[in-house]
Amino acid sequence: MKKLWLMVALLLCLALTCATAEEEPTKYTSGCYKYILLEDGTAEITGYVGDTKLLAKLELPSELDGHPVTSLGDFSLAACSKLRIVTLPDSLVTMGKNPFAYCKELREIKVSPDHPAFATIDGVLFHKGEKKLICYPHSFTDTEYTVPKGILAIGDSAFLNCGSLTSITLPDTVTTIEASAFNTCYNMTSIRLSNGLTTIGDRGLYNCLNLTYISLPDSLVTMGSNPFECCTRLMDIIISPDHPVFAMIDDVLFHKAEKKLICYPRSSTAAEYTVPEGILTIGDHAFASCTNLERITLPDSVTTIGKSAFYTLGRLTSINIPHSVTSIGDSAFSYCDKLISITLPDSITRIEDDTFNRCTSLASITIPDRVTSIGERAFARCESLTNVTIPDSVTSIGINAFFDCDRLKAITVPYDSYAEQYCKDNKLPVAYPDAADWLSNDSSDANDWLLN
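399 is the number of the first residue of the sequence shown in our numbering; add one for each residue after it.
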């Protein structure tokens, strides 16, 4: 029996080791390139480590240490900010998120005419098999661009920081706009979405500062976290009244079936907003950077507050969180620097990473009794925070949870609790509940001598 248990333990360790290896592949360096090995033994370039100060021209290798180069990883050439011309080897088969997204001087991507996977049309890079637009070079000065007919997808960060473009037209063949596809196209005033579009990824049109209106087609069924975050002049999101999936209520965008608030317009000048009764979820980034809002009221129907939902609401002083809420996402209230106080409902069990990071006016907070964990940097840089109460239920507190809270006078914790030990280990001020009860009129009979 002991041998059997030993074998089981060894198999479990092996499985855990393999899982870890899959999550964190071994990283190698060859010359100026960092790379990892894929399952088929080929190489994926993950970074460039050579001198980039004067690097204007680059011919990517077809192999590294004997391994064919078949892939370029996410943003893998981001360090090459001076790169103007890049040549792709015929060995390349795939690319992650726009590898050239931060090559702000890029003007030419060279691809052989018979490349098996990639092609350029008018200098723009496409994946042939996926019919996906991968990269529109930064340095192009055209103000208008029409995506070729037949293209199915606009890749992740494909138009990132393309500041010259003012107008973009998508053909009706396009079904997918991936995450951050048009991120910071700050001069874009209009974009014509395809009538066949089904998906807009997370923050697909983030920070398109001059976009004033957009019309969403009836074909659209999926939308990631607030695609229009930081679109400061977006006044009109046009949706047909009988759209099967999405709806507008008082200029605010909702998902009907999920009863989710997706986007509160950044251009709104209102100081107060009440979320409609019946809404279940405040989506990720839904109110992010809506700097005019001072007060928000949530209905008792809300159960979930998404990641960065109220991120950087610089004037927000008060918000009620109903007891129906069971989940509050990472960074939900980060940089709400006017938020003075907040009451957390007893229904939540976790305080996630960065939830109140840089809430510089927050003076005190009590952690509800059902909370078991407090995430990393959850209250970091809350410079007005003087008092915190942590219950015995908390068994995990992340790194730098109270970093740079210089005015923190006391963290009230139970005796012999995890929180007490955390505070001691991190040199945080500790206080205990009911520490002076023995002096009160409610003291036990053992202390009656003080009262006579």
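For every residue, glycine included, the Cβ atom is placed at its ideal position computed from N, Cα and C.
Which value, in whole angstroms, describes the spacing of the CA atoms of T567 and A499? In the sequence shown, the residue the question calls residue 567 occupies position 169. In the sequence shown, the residue the question calls residue 499 occupies position 101. In a straight line, the C-alpha of T567 is about 20 Å away from that of A499.
Cβ-based neighbour list, A419, same chain, cut-off 6 Å, excluding 5 preceding and 5 following: Against the sequence shown, residue 419 aligns to sequence position 21. Note on A419: pLDDT 42, under 50, position unreliable in the model; the coordinate value appears next. Once the five neighbours on either side are set aside, A419 has no close Cβ partner at all.
Under a Cβ-count criterion, where at least 16 other Cβ atoms within 10 Å of its own Cβ denotes burial, should H721 be classed as buried or exposed? The sequence position of residue 721 within the sequence shown is 323, counting from 1. Looking at its Cβ environment, which holds fewer than 16 other Cβ atoms inside 10 Å, H721 is exposed.
Quick one: using the 10 Å Cβ neighbour count with 16 as the cut-off for buried, is S739 buried or exposed? Working through the sequence shown from its first residue, we reach residue 739 at position 341. Label assigned to S739: exposed.
Neighbourhood of T710 by C-beta, 8 Å cutoff - its chain only, sequence neighbours within 5 removed: Along the sequence shown, read from residue 1 onward, the residue named residue 710 stands at position 312. Cβ neighbours of T710 beyond the five flanking positions: A686, S687, T689, S732, Y733, C734.
Buried versus exposed, by CB contacts within 10 Å (16 or more), K508: Counted from its first residue, the sequence shown places residue 508 at position 110. With fewer than 16 Cβ atoms within 10 Å of its Cβ, K508 is classed as exposed.
Roughly how many angstroms lie between the CA atoms of E627 and L558, to the nearest whole one? Your numbering for residue 627 matches position 229 in the sequence shown. Your numbering for residue 558 matches position 160 in the sequence shown. If I take the Cα positions, the gap works out to 15 Å.
What separation, rounded to the nearest whole angstrom, lies between the Cα atoms of Y830 and D744? Taking the first residue of the sequence shown as position 1, residue 830 is located at position 432. Taking the first residue of the sequence shown as position 1, residue 744 is located at position 346. Taking the straight line joining both Cα atoms gives about 21 Å.
Whose C-beta lies closer than 6 Å to the C-beta of D600 among residues of the same chain, with five residues either side of it excluded? Locating residue 600 in the sequence shown gives position 202, counting from the first residue. If we look at D600 and ignore the five residues flanking it on each side, its Cβ neighbours are A577, G622, S623.
Put D500 into one of helix, strand or coil per three-state DSSP. As a first step, residue 500 must be located in the sequence shown, where it is residue number 102. In the sequence as displayed, the identity of residue 500 is Tyr instead of Asp. Residue state, collapsed to three classes: coil.
The beta strand (DSSP E) enclosing Y733, as first and last residue numbers: Within the sequence shown, numbered from 1, the residue matching residue 733 stands at position 335. Note, Y733: premise wrong, no beta strand (DSSP E); not H, not E.
Given a cut-off of 8 Å, decide if Y584 and G553 are closer than it, judged by their beta-carbon atoms. The residue you call residue 553 lines up with position 155 of the sequence shown. The residue you call residue 584 lines up with position 186 of the sequence shown. Cβ distance not < 8 Å, so G553 and Y584 don't count as in contact.
Is it a yes or a no for the region 771 to 787 touching the region 801 to 808, going by three-plus beta-carbon pairs under 8 Å? yes
With 16 as the cutoff for other CB atoms within 10 Å, does V811 come out buried or exposed? Here residue 811 is taken as the residue at index 413 of the sequence shown, counted from 1. Result: buried.
So the alpha helix (DSSP H) A817 belongs to, where does it begin and stop? Translated into positions along the sequence shown, residue 817 becomes position 419. Its alpha helix (DSSP H) spans residues 816 to 823.
Is E421 helix, strand or coil when you go by DSSP? Position 23 of the sequence shown, counted from the start, is the residue given in the question as residue 421. It is helical.
When DSSP labels each residue in this structure, what does S771 get in the three-state scheme? Position 373 of the sequence shown holds residue 771. Three-state result, S771: strand.
Along the chain, where does the beta strand (DSSP E) that runs through F644 open and close? Position 246 of the sequence shown, counting from 1, holds the residue named residue 644. Unbroken beta strand (DSSP E) run through F644: 644 to 647.
Could you have a look at R601 and say whether DSSP puts it in helix, strand or coil? Counted from its first residue, the sequence shown places residue 601 at position 203. R601: coil per DSSP, three-state reduction.
Alpha-carbon spacing of T724 relative to L618, whole angstroms: Taking the sequence shown and counting its residues from 1, the one referred to as residue 724 is at position 326. Taking the sequence shown and counting its residues from 1, the one referred to as residue 618 is at position 220. Looking at the two C-alpha atoms, the distance is approximately 29 Å.
Looking at Y431 and P466, is the spacing between their C-beta atoms short of 8 Å? The sequence position of residue 466 within the sequence shown is 68, counting from 1. The sequence position of residue 431 within the sequence shown is 33, counting from 1. No, Cβ-Cβ distance for P466 and Y431 is not below 8 Å.
Residue environment, C416, which counts as buried when at least 16 other CB atoms sit within 10 Å: Locating residue 416 in the sequence shown gives position 18, counting from the first residue. Caution is warranted here: a pLDDT of 48 is assigned to C416, below 50, making its placement in the model unreliable, and the coordinate value is therefore given only provisionally. With fewer than 16 Cβ atoms within 10 Å of its Cβ, C416 is classed as exposed.
Under 8 Å between the Cβ atoms of S794 and N755? The sequence position of residue 794 within the sequence shown is 396, counting from 1. The sequence position of residue 755 within the sequence shown is 357, counting from 1. Cβ atoms of S794 and N755: not closer than 8 Å.
Tell me the DSSP bridge mates of Y446? Stepping through the sequence shown from its first residue, residue 446 is reached at position 48. Paired residues: Y431.
Would you call the CB atoms of I355 and Y611 closer than 8 Å? There is no way to answer for residue 355, as the model of the chain reaches only from 399 to 850.
First and last residue of the uninterrupted beta strand (DSSP E) at T764: Indexing the sequence shown from 1 puts residue 764 at position 366. T764 -> beta strand (DSSP E) spans 762 to 764.
With burial defined as no fewer than 16 other Cβ atoms inside 10 Å of the residue's Cβ, what is the status of T582: buried or exposed? Translated into positions along the sequence shown, residue 582 becomes position 184. Around the beta-carbon of T582, 16 or more other beta-carbon atoms lie within 10 Å, marking it buried.
Would you tell me roughly how many angstroms separate the C-alpha atoms of L470 and P625, rounded to the nearest one? Looking up residue 470 in the sequence shown gives position 72. Looking up residue 625 in the sequence shown gives position 227. Using only the alpha carbons, I get a separation of about 26 Å.
By the DSSP assignment, the beta strand (DSSP E) with K658 in it spans what residues? For the purposes of this step, residue 658 is taken as residue 260 along the sequence shown, with counting starting at 1. That run of the beta strand (DSSP E) goes 658 to 661.
What's the C-alpha gap between L531 and L550? Locating residue 531 in the sequence shown gives position 133, where the first residue counts as 1. Locating residue 550 in the sequence shown gives position 152, where the first residue counts as 1. Approximately 8 Å between the Cα atoms of the pair.
Taking Cβ positions, are T596 and S565 nearer each other than 8 Å? Counted from its first residue, the sequence shown places residue 596 at position 198. Counted from its first residue, the sequence shown places residue 565 at position 167. Not closer than 8 Å, so no.
According to DSSP, is T567 helix, strand or coil? Within the sequence shown, the letter at position 169 stands for residue 567. It is a strand residue.
Look at the alpha carbon of K495 and the alpha carbon of E503, and state the distance between them as a whole number of angstroms. Looking up residue 495 in the sequence shown gives position 97. Looking up residue 503 in the sequence shown gives position 105. Cα-Cα distance, rounded: 18 Å.
Leaving aside the five residues before and after V700 along the sequence, list all residues of the same chain whose C-beta is less than 8 Å from its C-beta, in chain order. Translated into positions along the sequence shown, residue 700 becomes position 302. Cβ within range, chain order: V673, I677, L678, T679, I680, P720, S722, V723.
Cβ separation of H525 and M493, assumed to be a contact under 8 Å, to the nearest whole Å: Taking the sequence shown and counting its residues from 1, one reaches residue 525 at position 127. Taking the sequence shown and counting its residues from 1, one reaches residue 493 at position 95. That belief holds up - the Cβ atoms of H525 and M493 are roughly 7 Å apart, short of 8 Å.
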